[in-house]
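The numbering used here numbers the first residue of the sequence shown as 1435 and each following residue consecutively.
Even glycine gets a Cβ: it sits at the ideal position worked out from N, Cα and C.
All values derive from a computational prediction rather than experimental measurement.
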Amino acid sequence: MLGFFERVIGVINSERLLAVTYDSGGKRKPTIVLIHGIASTSRTWGPVIKRIDKEKYRVVAMDLLGFGSSPRPAVSLFTVNDHIRYIRRTLKSLGIKKFKLVGHSMGAIIAAKYSRLYPKEVIECYLLSLPLYNIDLPMNLIIKKKTDFFMSAYDFMMKNKDFTINNSQFLRKLLKIDDGIDVNQGNWESFRLSLQNTIIGQDTFADLRAIHAPINILYGSLDEFLIPEIINQAASIEGVSITKVNGADHAIGEKYAIEIASLLNGDK
């Protein structure tokens, strides 16, 4: 009987919307939609939001499925398609039909897939700090070693819950991070399944090749989760432009935010 009620609750939760934490308003303005990464919330976008021209654009940010104030349905596997389904339902509830889509880290993987699946909705795609791993493509020795390192690290994190949570909280305090690297008891399953099914299980290279909208990939020269050689491979795909931000790392700090907002505002 308990299992029945759990399934009913799961179905009810699956119909809920994501928490929209920021909406600058202006339904007639072009819209920019911001999608954050794994183990973080929409607070990630604070440095970018304050620099976007709100006279020109409507800006919308939301917490992803399983993170922040958004639902954490027990029945979800947190695949890229699960994340997209909730994002799209939430955008429809806001009356948003066409937009620039901006994703950071895991959010960039989601944004790429969304742009491929719904080409009539995405005007332009911005992929920031994209953790691109071409696991199924031919690799040279350097790329293989770097990819194997990340896959092993992710596997260790998923198999060692207490270690991952404790180190996440330690790093947040050490680096004085307001948002990001926040793995805790409440979001553990969301984190673990998103890591497995969205980041590790990605087919983002195929998505990039199939997207019709312009694709802008931005990354920091100090990004600790990125393999530059793979990003260089993506540069050969038609419609893809690459911007390296010197001195920026994986997170969206002030220097990175200035470059992002400048591109979104059309200053460059």
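C-beta atoms of residue i and residue j nearer than 7 Å
i               : j              : result
serine 1476     : aspartate 1497 : yes
leucine 1642    : alanine 1668   : yes
alanine 1546    : serine 1504    : no
valine 1512     : leucine 1627   : Before going on, a small fix: residue 1512 reads as phenylalanine here, not valine. In contact: phenylalanine 1512 and leucine 1627 (Cβ atoms closer than 7 Å).
isoleucine 1576 : tyrosine 1548  : no
arginine 1506   : serine 1586    : no
valine 1556     : alanine 1647   : yes
Element boundaries [alpha helix (DSSP H), containing residue i]
i                  : result
phenylalanine 1625 : 1622-1628
valine 1509        : That residue, valine 1509, is in no alpha helix (DSSP H); it is neither H nor E in DSSP.
alanine 1695       : 1688-1698
glutamate 1663     : 1662-1668
threonine 1524     : 1514-1527
tyrosine 1548      : 1540-1551
8 Å CB neighbourhood of residue i in its chain, flanking five on each side removed
i            : result
serine 1527  : Leu1451
glycine 1459 : Arg1492
Straight-line gap, residue i to residue j (C-alpha atoms, nearest Å)
i                  : j               : result
isoleucine 1633    : glycine 1673    : 23 Å
isoleucine 1676    : asparagine 1650 : 6 Å
leucine 1656       : leucine 1551    : 31 Å
valine 1442        : serine 1510     : Residue placement at valine 1442 is poorly supported in this model, since its pLDDT is 49, which falls under 50; the coordinates still yield a value, given next. Their backbone Cα atoms lie some 13 Å apart in a straight line.
leucine 1525       : valine 1514     : 16 Å
leucine 1562       : leucine 1605    : 22 Å
histidine 1538     : isoleucine 1472 : 9 Å
asparagine 1631    : arginine 1462   : 36 Å
isoleucine 1686    : proline 1481    : 7 Å
threonine 1598     : leucine 1629    : 13 Å
aspartate 1487     : isoleucine 1645 : 27 Å
leucine 1436       : alanine 1508    : Confidence is the limiting factor: at leucine 1436 the pLDDT is only 44, short of 50, which leaves the residue's position unreliable and the question unanswerable from this model.
alanine 1542       : glutamate 1489  : 26 Å
leucine 1535       : glutamate 1558  : 6 Å
tryptophan 1622    : tyrosine 1588   : 14 Å
glycine 1502       : arginine 1523   : 18 Å
phenylalanine 1533 : isoleucine 1483 : 16 Å
glycine 1529       : tyrosine 1560   : 21 Å
Residue range of the beta strand (DSSP E) that includes residue i
i                  : result
asparagine 1585    : Reading off the sequence shown, one finds methionine at residue 1585, where the question assumed asparagine. From DSSP, methionine 1585 is part of no beta strand (DSSP E) but of the alpha helix (DSSP H) over 1575-1593.
arginine 1492      : 1492-1496
valine 1674        : 1674-1679
phenylalanine 1659 : Segment: none, phenylalanine 1659 is in no beta strand (DSSP E) and carries neither H nor E.
valine 1467        : 1465-1469
isoleucine 1483    : Element bounds for isoleucine 1483: not the beta strand (DSSP E) but the alpha helix (DSSP H), 1480-1483.
threonine 1638     : From DSSP, threonine 1638 is part of no beta strand (DSSP E) but of the alpha helix (DSSP H) over 1638-1644.
valine 1454        : 1454-1457
tyrosine 1653      : 1649-1654
Cβ-based neighbour list, residue i, same chain, cut-off 6 Å, excluding 5 preceding and 5 following
i                  : result
asparagine 1568    : Phe1639, Ile1664
phenylalanine 1439 : Here the model assigns phenylalanine 1439 a pLDDT of 47, short of 50, so the residue's position is not dependable, and the following value carries that caveat. Contacts found: none.
Close Cβ partners of residue i (< 7 Å) along its chain, the five nearest in sequence each way excluded
i               : result
isoleucine 1671 : Leu1642, Arg1643
alanine 1682    : Gly1654, Ser1655, Leu1656, Lys1689, Tyr1690
histidine 1470  : Ser1476, Thr1478, Trp1479, Leu1498, His1538, Gly1541
Any chain B beta carbon closer than 7 Å to residue i
i            : result
glycine 1654 : No chain B is part of this structure, which consists of one protein chain only.
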